[in-house]
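For reference, the structure is listed below as structure tokens.
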Amino acid sequence: MKILSLHCDYLKFKAGKKAIKEPEELSEKEKKEIEIKEPLVIFTAVEKTDESDPKKITELLVENVLDLMNKVGAKKIILYPYAHLSSNLSSPAIALEVLKNAEAELKKKKIDVSRAPFGYYKEFELKCKGHPLAELSREILINGKLKPQETESALGKSQEITSIINKDEKYDPVQLLRQISKTKLDTSKLKENDHRILGNKLDLFSFNETAPGMVFWHNNGLIIYNELANYWREEHRKANYEEVSTPQILDRKLWQISGHWEKYKDNIFLTKYENRDFAVKPMSCPGGMLIFKSKQRSYKEIPLRMAELGVVHRQELSGTLAGLFRVIRITQDDAHIYCTEKQLEIEITNIIEMINKFYKKFNLPFDHVELSTRPEKRIGDDKIWDKAEKILEDVLKKKKVNYKINKGDGAFYGPKIDFHVKDSQGRTWQLSTIQLDFAMPGRFELEYIGEDNQKHQPIMLHNVIYGSLERFIGILLEHTNGNLPVWLSPIQVRVLSFTDRNNKACEKLVEKLKQEGIRVDIDLESTTVNDKVRNAELLKIPYIIVLGDKEEQNKTLALRQRGEKLKFGVKEEEFIQDLKEKINNRED
Numbered sequence: 019m020k021i022l023s024l025h026c027d028y029l030k031f032k033a034g035k036k037a038i039k040e041p042e043e044l045s046e047k048e049k050k051e052i053e054i055k056e057p058l059v060i061f062t063a064v065e066k067t068d069e070s071d072p073k074k075i076t077e078l079l080v081e082n083v084l085d086l087m088n089k090v091g092a093k094k095i096i097l098y099p100y101a102h103l104s105s106n107l108s109s110p111a112i113a114l115e116v117l118k119n120a121e122a123e124l125k126k127k128k129i130d131v132s133r134a135p136f137g138y139y140k141e142f143e144l145k146c147k148g149h150p151l152a153e154l155s156r157e158i159l160i161n162g163k164l165k166p167q168e169t170e171s172a173l174g175k176s177q178e179i180t181s182i183i184n185k186d187e188k189y190d191p192v193q194l195l196r197q198i199s200k201t202k203l204d205t206s207k208l209k210e211n212d213h214r215i216l217g218n219k220l221d222l223f224s225f226n227e228t229a230p231g232m233v234f235w236h237n238n239g240l241i242i243y244n245e246l247a248n249y250w251r252e253e254h255r256k257a258n259y260e261e262v263s264t265p266q267i268l269d270r271k272l273w274q275i276s277g278h279w280e281k282y283k284d285n286i287f288l289t290k291y292e293n294r295d296f297a298v299k300p301m302s303c304p305g306g307m308l309i310f311k312s313k314q315r316s317y318k319e320i321p322l323r324m325a326e327l328g329v330v331h332r333q334e335l336s337g338t339l340a341g342l343f344r345v346i347r348i349t350q351d352d353a354h355i356y357c358t359e360k361q362l363e364i365e366i367t368n369i370i371e372m373i374n375k376f377y378k379k380f381n382l383p384f385d386h387v388e389l390s391t392r393p394e395k396r397i398g399d400d401k402i403w404d405k406a407e408k409i410l411e412d413v414l415k416k417k418k419v420n421y422k423i424n425k426g427d428g429a430f431y432g433p434k435i436d437f438h439v440k441d442s443q444g445r446t447w448q449l450s451t452i453q454l455d456f457a458m459p460g461r462f463e464l465e466y467i468g469e470d471n472q473k474h475q476p477i478m479l480h481n482v483i484y485g486s487l488e489r490f491i492g493i494l495l496e497h498t499n500g501n502l503p504v505w506l507s508p509i510q511v512r513v514l515s516f517t518d519r520n521n522k523a524c525e526k527l528v529e530k531l532k533q534e535g536i537r538v539d540i541d542l543e544s545t546t547v548n549d550k551v552r553n554a555e556l557l558k559i560p561y562i563i564v565l566g567d568k569e570e571q572n573k574t575l576a577l578r579q580r581g582e583k584l585k586f587g588v589k590e591e592e593f594i595q596d597l598k599e600k601i602n603n604r605e606d
């Protein structure tokens, strides 16, 4: 069985057409749209392997639901049949039996539980909370469920067995190659501006089952990725951040100290090295704190601002992956500020101003801002939480930011300000966040020497601008329909020849543009100019230059800018100067 739990502000769902021959019968009330507020939604796929013992898998499902409820502090449960989580589904009869029995067992335990209709296509709308435990995925095995303390030793034993088997393993490389053949994208249910369609058309990225949920960046896509990273680096350098990099794999002890082991263990990739347990990092902040601890710090260094474009990995069920929007390998633009309580207001204000600058640059409007307060499961005493929440709220009021209170949705170590943007399809996304953390510096015993020559503990501000670079690129592609600003466009200029006799002039111009640092390519195909222009427009290239006999003779360009009519008589040097200015200033 595979499950995906989403802690939501609300879920609306309504049964549509039949998805199987014999779905369950519904009452008139059950056929109407149902809305449930503050639920923990358990998307569930019952699998073939569960058919051997439906009673056992039901018990395990109930056990996991109760555990997840306890982790996030939810009071309501929705059991939601969701076949997309697995490609190895059980029979509908067994699946319905398991869900019904799980619902009954939860009701016996006085749990407020609802169940979505089984055997129907359903339309649904939800708003997922933004806290770290809001989205969790699990695989439940009848014969393979390990107690937490047994997991690591069992993993080690399986690795030993595997290494022995591999010595005599026989395989057919040709057959293996067929098995890992390129994954095909089903576009039948996707909108034209879906980032996955645009990624394919513009040759930006691809996915392959050899690395589920991990992006294969093609040259064009990597240009966008690197340009966004360069902009992020430039702005953080201006704001006096130091850029750091921390290891991908770290000892489990680190995650136990930080508290992430207890909260995230189900979603962490584990490995062993010389009989030690390690985790592939799901976030970068614990590693950053080790850099802070690497030497004695002075008040003269405070505030100390560190930023990392860190690559993190989080386990997700394959059925929940969705292009760039939900991935396993994530580039997270983590930044951490170590400061005093007196410095908090100015530091939080500066982060807000940086966030505003970034999103104005990309013409992505904020839909709303949320102040997310203490969750039920948290570390630190209530007096510290009172202080932290008041500090964030006071800054928002002073900056005259319109905000909502998102009760109980803060991080387990502190409250946060979440910035939600609205894309071209009207969807909202929580991308940027500022988290105020009094607790983690204490767990790591972070210290600096103050002006009084005594040891003091810094306060920590976590913040991200993009959130996930992958998700940000997906949103930006859909928001612009692939028509990226010129500074982000993989190909900024395409040069076309009017006839074959203009080829040499085109090649000379291309070389000159390259020397000026402009990303340019050329189309010398023996076809009509209209065909060449159309091909360039399909690739969303911002500038198209046509060179014919007249242009060669007058040393001018025929220039077509995206969305505008063809202009004749454009002077070459003026075009290059204007274009470089736009690129350097990161203008549209």
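Numbering follows this note's numbering, with no gaps: position 444 of the sequence shown is 462. Glycine included, each C-beta is placed from N, C-alpha and C at the ideal position. Quantities reported herein were computed from a predicted structural model and do not represent experimental measurements.
- Looking only at I241, S206, E210 and D212, the smallest Cα-Cα distance to L222 is reached by I241.
- Out of K118, Q274, M301 and I601, the CA that lies nearest to the CA of Q510 is found in I601.
- A direct Cα-Cα distance of roughly 27 Å separates N285 from D399.
- Residue pairing for S390: DSSP places it in a beta bridge opposite N424 and K434.
- In the DSSP assignment, K94 is bridged to P57 and D130.
- C-alpha of E334 to C-alpha of V90: approximately 18 Å in a straight line.
- Distance check between W505 and each of G341, E245, L78 and N119 places E245 closest, using alpha-carbon atoms only.
- Inside the segment 462 to 506, DSSP marks whole beta strand (DSSP E) runs of 3 or more residues at positions 477 to 482, from first to last along the chain.
- When secondary structure is reduced to three states using DSSP, M232 falls in the coil class, being assigned neither helix nor strand.
- Separation of the CB atoms of A37 and Y138 is rounded to 6 Å, and the pair is thereby assigned contact status at 8 Å.
- W447 has V439 as its beta-bridge partners, per DSSP.
- Under the 8 Å Cβ criterion, the segment 119 to 139 counts as touching the segment 74 to 86, having at least three qualifying pairs.
- For the pair A134 and F31, the CB atoms are nearer than the 8 Å cut-off.
- By the Cβ criterion, the segment 61 to 75 is not in contact with the segment 351 to 367, since fewer than three pairs of Cβ atoms, one from each stretch, lie closer than 8 Å.
- For Y138, the beta-bridge partners assigned by DSSP are K36.
- The beta-bridge partner set that DSSP reports for R344 consists of A340.
- In terms of CA proximity to T205, L216 leads the group W403, L216, R196 and I198.
- As DSSP reads the structure, S23 sits in a beta bridge with I60 and L154.
- The beta carbons of L327 and F142 sit about 35 Å from each other, so the pair does not count as a contact at 8 Å.
- Shown here for R604: same chain residues with a beta carbon closer than 6 Å to its own, the five before and five after excluded, namely W505 in chain order.
- Contact check for P383 against A406 fails: the beta carbons are separated by 8 Å or more.
- A distance below 6 Å between beta-carbons, with the five flanking residues on each side excluded, links L527 to the following residues of its chain, in chain order: V513.
- Secondary structure at V528: helix, using DSSP grouped into helix, strand and coil.
- Straight-line measurement puts the Cα of K408 at about 13 Å from the Cα of F456.
- Judged by beta-carbon spacing, D385 lies beyond the 8 Å limit of T289, meaning their Cβ atoms are not closer than that value.
- Between the segment 302 to 311 and the segment 268 to 280 there are three or more inter-stretch CB-CB distances shorter than 8 Å, so the stretches are counted as touching.
- Assigned with DSSP and collapsed to three states, S316 falls in strand.
- Here DSSP, grouped into helix, strand and coil, assigns T264 to coil.
- Under DSSP, the beta-bridge partners assigned to P99 are T62.
- Here Y98 has V59, F61 and A134 as same chain residues with Cβ atoms under 6 Å from its own Cβ, once five neighbours each way along the sequence are excluded.
- In the structure shown, V588 falls within a strand segment according to DSSP collapsed to helix, strand and coil.
- Remark: C-beta atoms of N211 and E496 approach each other more closely than 8 Å.
- Minimum Cα-Cα distance from V131 among the listed residues F376, F296, V233 and A92 corresponds to A92.
- In this structure, DSSP gives L144 an extended state, which the three-state scheme calls strand.
- Here D400 carries a helix assignment [DSSP, helix/strand/coil].
- About 5 Å separates the Cβ atoms of G231 and V345, confirming a contact at the 8 Å cut-off.
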